[in-house]
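Scroll down for the structure; my scribbles are underneath it.
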Amino acid sequence: VRIAPLARVLPEADGAHYVLSLRDISELRRIDRMRSDFVANASHELRTPLASMRGFIETLQGPAKDDTRARERFLSIMLDQATRMSRLVDDLLSLSRLEVKSHIAPDSIVDLVPLIGKVRDSLAPLAEELGVEIVMDAPQGKVEVAGDPDELVQVFENLMENACKYGQEGKKVEVRIANEPGRPVEVAIRDYGPGIPAEHVPRLTERFYRVNVEASRSRKGTGLGLAIVKHILTRHRARLVVRSQEGQGSEFTVRF
Ligand code: ADP
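For the sequence shown, UniProt numbering begins at 135 and goes up steadily by one.
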């Protein structure tokens with residue numbers, strides 16, 4: 135860092151008292167870099183399915199023009215790609231909406247028991263398809279927190295969907311709601327999948343961070359689910375605690 139002598143910068147202020155203010159902009163630089171990484175990642179994630187769709191369209195216009203079987207197959211692949219792009223755009227929009235209102239704390243009173251019950255019901259078909267069973271353990275009566283019901287649905291949907299996707303076929307996904315006197319309300323979602331190596335755990339909520347890119351893609355992931363969860367929980371003054379052991383499974387706990 136080079137600082138010019140003040141008398142040279144402000145010769146007319148000679149003899150006065152000065153306040154020299156230095157500002158460390160490395161944090162701003164870091165945020166700037168994260169933002170441009172994010173744009174690069176998002177563009178790449180959208181460009182990949184687009185390029186593949188173009189390839190299929192060109193093949194259908196040319197060499198496979200009269201091949202009915204190829205047409206059916208390519209159209210179904212293109213539908214999958216388009217669905218993937220829609221999901222990605224939805225997640226990107228969710229993230230940008232959340233950023234805009236990140237400083238406003240939500241103030242409705244939400245009973246977590248029926249809310250999480252509904253999420254479990256909506257995920258039952260996926261759980262069945264993946265060969266896992268979601269079991270729920272909730273206390274009698276209401277478990278109320280201050281929150282935004284739609285956002286909390288998104289949090290538990292993302293966490294329970296991950297537990298089903300990355301859990302172990304034939305095993306359970308356990309959802310436990312705890313409301314002990316004098317302790318924060320907690321919701322823990324546990325799976326018995328392969329778990330997450332310790333070095334990846336601190337980075338899971340970064341946008342587009344995936345432990346295993348191919349596994350995530352094949353399980354229809356966008357890599358944005360946990361980033362969305364983290365943004366929503368920050369707004370709710372809640373925390374996400376991740377415990378995972380390789381070969382034993384993972385537990386994602388939301389602590390209000
Ligand atoms: P994705 O859309 O890829 O699932 P997420 O942000 O939801 O993105 O999760 C980020 C990554 O964290 C996933 O790609 C996966 O590698 C890992 N992950 C998330 N939940 C689990 C889990 N319950 N068990 C093992 N790995 C998980």
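Ideal Cβ positions, reconstructed from N, Cα and C, are used throughout, including at glycine. If you're wondering where the values come from, they're calculated on a predicted model, not measured in any experiment.
ASP282 places its beta carbon 8 Å or farther from that of PRO336. By the Cβ test, the region 266–281 is not in contact with the region 348–363, since fewer than three Cβ pairs between them sit closer than 8 Å. If only uninterrupted alpha helix (DSSP H) runs of at least 4 residues are considered, those enclosed by the region 318–378 are 347–352 and 359–369. CA-CA distance, GLU206 to ALA185, rounds to 19 Å. Buried is the label assigned to TYR300, since at least 16 other Cβ atoms lie within 10 Å of its Cβ. Secondary structure of ILE311 (DSSP, three-state): strand. For GLU308, the closest of ASP171, ASP166, THR202 and GLU295 by C-alpha to C-alpha distance is GLU295.
Proximity to SER230 across VAL363, ARG373, LEU374 and SER378 peaks at VAL363, based on C-alpha coordinates. For THR356, the shortest C-beta to heavy atom distance toward ligand 1 is below 7 Å. No heavy atom of ligand 1 is found nearer than 7 Å to the CB of VAL253. In the displayed model, VAL269 falls within a strand according to three-state DSSP. Collapsing the DSSP output to three states places GLY383 in a strand.
Around ASN175, the same chain offers PHE342 as residues with beta carbons nearer than 6 Å, after the five sequence neighbours per side are excluded.
For SER242, the uninterrupted beta strand (DSSP E) run begins and ends at 242–245, by DSSP.
The C-beta of GLN288 has 16 or more other C-beta atoms within 10 Å across all chains shown, which makes the residue buried. In this structure LEU209 is exposed. Its beta-carbon is surrounded by fewer than 16 other beta-carbon atoms within 10 angstroms. When only Cα atoms are considered, VAL388 and ALA198 end up about 51 Å apart. Sorting ARG317, GLU278 and HIS178 by C-alpha distance to the C-alpha of MET219 places HIS178 at the top. In this structure, the CA atom of VAL321 is about 6 Å from the CA atom of ALA312. Contact between GLU380 and GLY329 holds, with the beta-carbon distance rounding to 4 Å and staying under 8 Å. Nearest C-alpha to ILE191 among GLN215, PHE172 and MET168: GLN215.
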